[in-house]
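Step one of this worksheet: look at the structure below.
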Amino acid sequence: MTKNIAVTGATGFVGKHLVRTLISRGYQVRALTRRPQQDSENLIWIEGDLENRTALTELVSGVDVVFHLAGLIKAKKTTDFTRVNSQSVKTLVEILREGISNPHFILLSSLAAREPHLSSYAYSKRHGEDILMEQAPENLYWTILRPPGIYGPEDMETLKIFKSVAARIAPLPGGANNRASWIYAPDLAQAMIAVARHKECYGQILDVDDGAENGYSIDEMYQTAADILRNKPFKFTVPKTALKIFGHTNVLFSTLFGYTPMLTPEKINELCHPDWVCHGPHVMDLTGWKPETNLKQGFNKTLKWYKENGLV
Numbered sequence: 001m002t003k004n005i006a007v008t009g010a011t012g013f014v015g016k017h018l019v020r021t022l023i024s025r026g027y028q029v030r031a032l033t034r035r036p037q038q039d040s041e042n043l044i045w046i047e048g049d050l051e052n053r054t055a056l057t058e059l060v061s062g063v064d065v066v067f068h069l070a071g072l073i074k075a076k077k078t079t080d081f082t083r084v085n086s087q088s089v090k091t092l093v094e095i096l097r098e099g100i101s102n103p104h105f106i107l108l109s110s111l112a113a114r115e116p117h118l119s120s121y122a123y124s125k126r127h128g129e130d131i132l133m134e135q136a137p138e139n140l141y142w143t144i145l146r147p148p149g150i151y152g153p154e155d156m157e158t159l160k161i162f163k164s165v166a167a168r169i170a171p172l173p174g175g176a177n178n179r180a181s182w183i184y185a186p187d188l189a190q191a192m193i194a195v196a197r198h199k200e201c202y203g204q205i206l207d208v209d210d211g212a213e214n215g216y217s218i219d220e221m222y223q224t225a226a227d228i229l230r231n232k233p234f235k236f237t238v239p240k241t242a243l244k245i246f247g248h249t250n251v252l253f254s255t256l257f258g259y260t261p262m263l264t265p266e267k268i269n270e271l272c273h274p275d276w277v278c279h280g281p282h283v284m285d286l287t288g289w290k291p292e293t294n295l296k297q298g299f300n301k302t303l304k305w306y307k308e309n310g311l312v
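One point on numbering: in UniProt numbering, the residue at position 25 of the sequence shown is 25, and numbering is uninterrupted.
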């Protein structure tokens with residue numbers, strides 16, 4: 001991989017980790033931002049959003065690699081998922097088809113794309129993949145990455161797990177034995193860079209996780225957090241029916257109070273799905289990259305960051 005890199009989603013959770021890692025390795029980074037940011041050594045900010053073709057053209061012009069990380073995991077309207085998670089891929093492919101550069105296009109999708117029927121989010125991620133595969137010109141090299149749950153310092157979603165366990169409560173959505181893979185965000189950043197360095201990844205859809213063969217059960221995940229916090233939470237299974245009622249209520253309240261709901265009936269379909277373990281072709285198979293952090297190690301590091309920032 002040569003030196004000029006474009007990144008969308010650079011101000012998000014995973015994007016921050018990727019940009020920091022790229023800069024630490026000496027790459028020249030161009031990053032999209034909706035708000036003015038101060039340029040620094042090896043980092044140039046391009047002001048604009050995913051619908052601003054002028055900004056996107058400036059972002060990807062002449063680069064060697066495009067990391068397309070920008071995406072929504074929650075939205076007020078299902079059309080927002082399509083606009084950000086699907087349409088943005090189409091826009092970038094159209095711009096690159098004009099020949100302003102011929103980069104390796106790396107799309108950070110989601111393991112949810114494996115089950116597009118579960119939710120509008122999952123469908124939008126799968127649709128984004130399909131757009132890239134079907135509409136990319138022959139000379140555009142691409143790789144699709146499907147990470148599972150991503151966690152680490154600066155992640156506000158995993159914080160909810162630790163706060164729940166700290167309160168000695170561990171709700172198990174759908175069942176204690178539902179299983180999922182996980183990956184620590186700094187490891188994911190290293191994996192993405194490894195993919196960009198290996199031509200063997202061209203034209204591939206690759207899973208990427210921490211290497212735990214069968215992932216982790218929901219019970220194991222909560223128990224890991226409990227062991228680190230040194231307490232014994234009360235664990236209880238929450239039936240899908242009860243979660244659905246809560247999800248519908250949450251959506252109603254979101255319309256009344258103007259917030260974007262995370263826990264919706266569709267999100268509950270995802271939460272209660274029994275198998276979110278990575279089974280497909282893996283980044284490790286093609287790059288030699290190896291994850292450095294298992295769930296216990298990663299939760300320890302994440303909790304340390306939460307404590308340092310007064311969040312737990």
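No residue lacks a Cβ here, since even glycine has one placed at the ideal position from N, Cα and C.
{"Asked": "Three-state secondary structure assigned by DSSP to His248", "Found": "helix"}
{"Asked": "Bridge-paired residues (DSSP) for Pro171", "Found": "Phe236"}
{"Asked": "Simplified DSSP assignment, three categories, for Arg30", "Found": "strand"}
{"Asked": "Three-state class that DSSP yields for Glu94 in the structure shown", "Found": "helix"}
{"Asked": "Alpha helix (DSSP H) segments (min. 4 residues) lying fully within the stretch 114-184", "Found": "120-135 and 158-166"}
{"Asked": "From Val84, Leu159 and Lys76, residue whose alpha carbon lies closest to that of Phe253", "Found": "Lys76"}
{"Asked": "Distance between beta carbons of Thr143 and Gln223, contact taken as under 8 Å", "Found": "In fact, because the Cβ distance is near 35 Å, the residues do not count as touching under 8 Å."}
{"Asked": "Residue environment, Asn214, which counts as buried when at least 16 other CB atoms sit within 10 Å", "Found": "exposed"}
{"Asked": "7 Å Cβ cutoff met for Thr293 and Asp209", "Found": "no"}
{"Asked": "From Ala225, Thr249 and Pro281, residue whose alpha carbon lies closest to that of Thr302", "Found": "Ala225"}
{"Asked": "Where the beta strand (DSSP E) containing residue 327 begins and where it ends", "Found": "Residue coverage of the chain in this structure runs from 1 to 312, which leaves residue 327 outside it and unanswerable."}
{"Asked": "Pairwise C-alpha distance: Lys307 and Met133", "Found": "43 Å"}
{"Asked": "Reduced DSSP category for Gln223 - H, G, I as helix; E, B as strand; rest coil", "Found": "helix"}
{"Asked": "Neighbour-count burial assignment, Gly298, 16 or more Cβ in a 10 Å radius", "Found": "buried"}
{"Asked": "Length of the line joining the Cα atoms of Val19 and His68", "Found": "12 Å"}
{"Asked": "Segment contact, 8 Å Cβ cut-off, at least three pairs: the stretch 269-277 with the stretch 90-100", "Found": "no"}
{"Asked": "Tyr202 beta carbon less than 7 Å from that of Tyr141", "Found": "yes"}
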